[in-house]
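Engineer: Dropping a structure here in structure tokens format, bear with me for questions.
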Amino acid sequence: MKPVDAITQTFVRHKPAFMPYFTLGYPDYETSLAVVEACAAAGAHLMELGVPFSDPLADGPTIQQSMQVALQGGMTLEKCITAVATLRARQITIPFMLMGYINPILAYGTARFVQDAAQAGANGLIVPDLPPEEAGELETLCQQHGLALTYLLSPNSSNSRIKLVTRKTTGFTYLVSVTGITGARTALPPELGDFVQRVRAQTEGPLAVGFGISTREQVQAVGELADGVIVGSALIRAVGDATDKPGEAYRFVRELVG
Amino acid sequence: MTTQTLPQKFGPYGGQFVPETLMPALAELEEAYLAARSDPGFQAELDHLLRTYVGRPTPLSFARRLTEKLGGAQIYLKREDLAHSGAHKINNALGQVLLAKRMGKQRIIAETGAGQHGVATATACALLGLDCVVYMGTVDMARQAPNVFRMRLMGAEVRGVDSGSRTLKDAINEAIRDWVTNIADTYYLLGSALGPHPYPTMVRDFQSVIGRETREQMQETVGRLPDSIVACVGGGSNAIGIFHAFVPDEQVDLIGVEAGGNGIPSGQHAARFADPQIGRPGVLHGCYTYVMQNADGQIALTHSISAGLDYAAVGPEHTYLRETERAFYTAVTDDEALAAFQTLCAQEGIIPALESAHAVAEAIRRAPTLPQEHIMVINLSGRGDKDLDTVISTLRQA
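Residue numbers (this note's numbering), protein chains in the order written: chain A, 34 to 291; chain B, 2 to 399.
Here it is as structure tokens:
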């Protein structure tokens, strides 16, 4: 079985799949691993592991700040790959997506990165500043190593772009709920249902929705529309404020999926 | 959908490394720009404003006393410092604001480092009646305070950016985040020849008026092309603006000057091409080019006395011109730029922007080694009133 197949199966087994995002290295390396373990124990179906970058231009203040803290603590892409291998050694079996910007990947060496990520036990990649038009080399390498390369769509994506992205994406299609950056918002955009329908009309593959989702009610509402729900900033904020960080991560995930 | 498109890359450099939300907006921008570019009415309106509002053509001045002092090449100055609002930035700002109006966008956002692009954008928005928000790092706001005041006087909202190094790079991050969020009604007026396609091409086109005029003026004044052209390179819009018309003329040396800060060995500089340990091909702000970064691919903090050159990446066309050896790039330190600033004031009665003083410093270095028949043009991209506080406090410390 290829690493990407575990992602696809997650969406068969769990409707909807709950997919938290957490920045590796925040607030420090060991705690971030404990948070991921706690999320898995609490019932997360898949984890997006954020790779810190100095200039995350698709991210809002919460994730920006978490990345800054992680980088100040010495987090690197190499350590993120080690983190994946360590979590696998600790018997965490849910699919892992590494989510990070393109420049650290280029600096690491694209081919070496894909090989090392696959070997460590990652199932796929999400690179928010790499649209399919620029992804040729990474796409080929991911295919060779059986990793998913999951692309994003936005509410302003035209039908022709939806067609392109849904043909190219593997694992699932990541729908950005709003035109904007990551971060918790008080309400879901009213057009979300239409957007999901427009994408659904072009693909039978799984659709996960992220950006701006923070409460149990929002998770349930999105779960009615899509196959997967992604929560990032709200988790990071809750964990950041807590004294017992893994405990808070566990409680947070239980509350949202319970 | 139009089938006509512009080339997205200069060799392997450039491209569109952006979040999905921006892809439709960049396509819309390219389409609108292509339509405008081939519309004689658009070009006529822009030319009219450049003539009657900006004061183009800007003069080409012979720097007689500087030439005599250096005792080598004859030095001419392309006087972009005399363009309305004090720098070449207005050429691009007016072009893009006209384009935004054509696209029906009422809200303009921009980033600024030295404040010259912010001032140019605020100026163009005041002239044409559009809303204007300018993002500026708080470090830059402190060292370029007069420009902050100018922007506010002209009705722009200046938003301080407190993240990262609090300079140009972070201002661009915030401007892009604003654009992603307000994509439907907002036009992002990028101020240099960088960022995702089509910006590097579009900004270069709007700035190429500098080189076209220089060509004509050289023919009128001395009856031939210059032997070399020197320009400072931050993102690189003034340099590409004056280089572009001369690229086919292989006999004309094109020299770009980066910010050497405290010297290349110090690591505290913004010379992307000078330091292979730190400056390597990578992606920043949507384009693949030379980027200053650490071993892990995190963007490096840069340093320059000049806010306008204090940026971690260089426009992709410069990277291509360097790789194809059509242009040559060098670096000048803060101290050398400061000395050149004073020399130009004393010899020619011209206060240059600290950015442009880097080009002057390179000219001062080269001119004495060249024969008197050699004609050198410096692109004097902006005036230095905005820098007086920085210069005074630096000289006081020395």
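All residues carry an ideal CB built from backbone N, CA and C; glycine is no exception.
Quick caveat, the model's predicted, so the values are computed rather than measured.
What residues in its chain sit with their C-beta under 7 Å from that of residue 209 of chain B, if we drop five residues either side in the sequence?
Structural biologist: The residues are 242, 245, 246.
Engineer: From the DSSP output, which residues share a beta bridge with residue 243 of chain A?
Structural biologist: DSSP output for residue 243 of chain A lists A:209 as bridge partner(s).
Engineer: DSSP three-state label for residue 341 of chain B, please.
Structural biologist: It is helical.
Engineer: Which residues does DSSP list as the beta-bridge partners of residue 189 of chain A?
Structural biologist: According to DSSP, which records beta bridges pairwise, residue 189 of chain A is partnered with nothing at all.
Engineer: Do residue 181 of chain B and residue 214 of chain A have their beta-carbon atoms positioned less than 8 Å apart in this structure?
Structural biologist: In this structure, residue 181 of chain B lies closer than 8 Å to residue 214 of chain A by Cβ.
Engineer: Should residue 258 of chain B go down as buried or exposed, given a rule of 16 or more other Cβ atoms within 10 Å for buried?
Structural biologist: Its Cβ being crowded by 16 or more others within 10 Å, residue 258 of chain B is buried.
Engineer: Would you verify that the beta carbon of residue 209 of chain A is, or is not, closer than 8 Å to some beta carbon of chain B?
Structural biologist: Yes, contact with chain B.
Engineer: Run through DSSP, which three-state label would residue 201 of chain A get?
Structural biologist: It is helical.
Engineer: May I ask you to list the residues that DSSP assigns as paired with residue 380 of chain B?
Structural biologist: In DSSP, residue 380 of chain B forms a bridge with B:79.
Engineer: For residue 176 of chain A, go through chain B and note every residue whose CB falls closer than 7 Å to its CB, in chain order.
Structural biologist: Neighbours of residue 176 of chain A on chain B: none; closest Cβ ~21 Å, over 7 Å.
Engineer: Are the C-beta of residue 203 of chain B and some C-beta of chain A separated by less than 8 Å?
Structural biologist: With 8 Å as the cut-off, residue 203 of chain B does not count as an interface residue toward chain A.
Engineer: Report, in whole angstroms, the separation of the C-beta atoms of residue 204 of chain A and residue 181 of chain A, which I expect to be a contact under 8 Å.
Structural biologist: The Cβ separation is near 3 Å, so the contact holds.
Engineer: Please go through the same chain and pick out, in chain order, the residues whose beta-carbon is closer than 6 Å to the beta-carbon of residue 46 of chain A, but skip the five residues on each side of it.
Structural biologist: So no residue of the chain qualifies.
Engineer: Where residue 157 of chain A and residue 24 of chain B are concerned, what is the direct C-alpha to C-alpha distance, given to the nearest angstrom?
Structural biologist: Cα to Cα, the separation comes out at about 23 Å.
Engineer: Locate the beta strand (DSSP E) running through residue 284 of chain B, then write down its first and last residues.
Structural biologist: Residues 280-285.
Engineer: DSSP on residue 189 of chain B, reduced to helix/strand/coil?
Structural biologist: Three-state DSSP puts residue 189 of chain B in a strand.
Engineer: Let me see if you follow: with CB-CB separation under 8 Å, is residue 88 of chain A close to chain B or not?
Structural biologist: Residue 88 of chain A counts as touching chain B.
Engineer: Would the C-beta of residue 96 of chain A count as close to the ligand FAD, meaning under 7 Å from any of its heavy atoms?
Structural biologist: Because no ligand of any kind appears in the structure shown, any question about the ligand FAD cannot be addressed here.
Engineer: Once you ignore the five residues that flank residue 126 of chain B on each side, which residues in its own chain have a CB closer than 8 Å to its CB?
Structural biologist: Cβ neighbours of residue 126 of chain B beyond the five flanking positions: 98, 109, 132, 133, 155, 156, 157.
Engineer: Cβ of residue 231 of chain B within 8 Å of Cβ of residue 363 of chain B?
Structural biologist: Yes, Cβ-Cβ distance for residue 231 of chain B and residue 363 of chain B is below 8 Å.
Engineer: Quick one: what's residue 229 of chain B bridged to in DSSP?
Structural biologist: Residue 229 of chain B is bridged to B:254, B:377.
Engineer: Quick one: grab the DSSP three-state call for residue 312 of chain B.
Structural biologist: In this structure, residue 312 of chain B counts as coil in the three-state DSSP scheme.
Engineer: Among the candidates A:144, A:137, A:195, whose CA atom is the shortest distance from the CA of residue 300 of chain B?
Structural biologist: Minimum Cα distance to residue 300 of chain B is reached at A:137.
Engineer: Return the residues of the segment 95-115 of chain A that lie within a Cβ-Cβ distance of less than 7 Å from chain B, sorted by chain order.
Structural biologist: Listed in sequence order: 97, 104, 109, 110.
Engineer: Determine whether the beta carbon atoms of residue 221 of chain A and residue 259 of chain A lie at a separation below 8 Å.
Structural biologist: Cβ atoms of residue 221 of chain A and residue 259 of chain A: not closer than 8 Å.
Engineer: Quick check on residue 200 of chain B: does DSSP put it in helix, strand or coil?
Structural biologist: Helix, per DSSP.
Engineer: Can a CB atom of chain A be found closer than 8 Å to the CB of residue 108 of chain B?
Structural biologist: No, residue 108 of chain B does not count as interfacial toward chain A.
Engineer: Provide the residue(s) that pair with residue 367 of chain B in DSSP beta bridges, ordered along the chain.
Structural biologist: Answer is none; residue 367 of chain B lacks a bridge partner.
Engineer: Looking at chain A, is there any beta carbon in it that lies within less than 8 Å of the beta carbon of residue 10 of chain B?
Structural biologist: By this cut-off, residue 10 of chain B is not an interface position.
Engineer: Is there at least one Cβ from chain A nearer than 8 Å to residue 3 of chain B's Cβ?
Structural biologist: Because the pLDDT of residue 3 of chain B is 46, which lies under 50, any placement of that residue in the model is unreliable, and the question is left without a value.
Engineer: Taking residue 291 of chain B and residue 253 of chain B to be in contact with their CB atoms under 8 Å, please state how far apart those CB atoms are, rounded to whole angstroms.
Structural biologist: Their Cβ separation, rounded to whole angstroms, is 23 Å, which puts residue 291 of chain B and residue 253 of chain B out of contact at 8 Å.
Engineer: Taking Cβ-Cβ distances below 7 Å as the criterion, which residues of the segment 300-312 of chain B are in contact with chain A?
Structural biologist: Answer set for the segment 300-312 of chain B: 300.
Engineer: Just list the alpha helix (DSSP H) runs in the segment 83-156 of chain A, keeping only unbroken ones of 4 residues or longer that don't cross its boundaries, in chain order.
Structural biologist: 94-105, 110-122, 135-141, 143-153, all fully within the segment 83-156 of chain A.
Engineer: Tell me which residue opens and which closes the beta strand (DSSP E) that residue 261 of chain A is part of.
Structural biologist: Here the beta strand (DSSP E) through residue 261 of chain A covers 261-264.
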